[in-house]
Amino acid sequence: MNLEQVKKSSDKELNRKVAELCGWRCPEGCVGGVRRCCPDCGSWEHGQCDGVGSFSHTMPCNHYPDYVNDLNEMHEAEKTLKNGRQMNRVVAEDRVYLAVLESLACPKHIALATARQRAVAFVATKEKFS
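The sequence shown begins at 353 in the working numbering and counts up one residue at a time.
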């Protein structure tokens, strides 16, 4: 994906892509992108329901962190830019990420970049190095 394609992504697509690039996997019990849930409360966890808890309904497994709206989640994602990399690649990833983020946040300072701008820069950078 190039930068323009990433910028056009929906919030849901962007959240999924960031999650995948951070190593997120479907939780246990997810089969084909669907999990069983309790029809009374929607809970996916046994013992978390005050109702009957038959777990007979299904829900899409799309509970990725909300990277495009949550700066705290994006901060956690940004930490993976340095995760287990050799020093020269860390510097390269960080520089590309900051350059892309600066182009998206302009004319503001990158410190004021929105979570969505950070998510776009993150995906564009990770795609470049993968």
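Glycine included, every Cβ here is placed at the ideal spot set by N, Cα and C.
- In the DSSP assignment, residue 363 falls within the unbroken alpha helix (DSSP H) covering 363 to 373.
- Rounded to whole angstroms, residue 478 and residue 373 show a C-alpha spacing of 7 Å.
- If you ignore the 5 residues before and after residue 418, its C-beta comes within less than 7 Å of the C-beta of 367, 425, all in its own chain and listed in chain order.
- When only Cα atoms are considered, residue 360 and residue 428 end up about 23 Å apart.
- For the pair residue 460 and residue 444, the Cα-to-Cα distance works out to about 23 Å.
- Assigned with DSSP and collapsed to three states, residue 432 falls in helix.
- For residue 478, the three-state secondary structure derived from DSSP is helix.
- Ranked by Cα distance from residue 475, the first of 453, 416, 423 is 453.
- Cβ contact annotation for residue 473 (same chain, cutoff 7 Å, sequence separation greater than five): 449, 452, 453, 456, in chain order.
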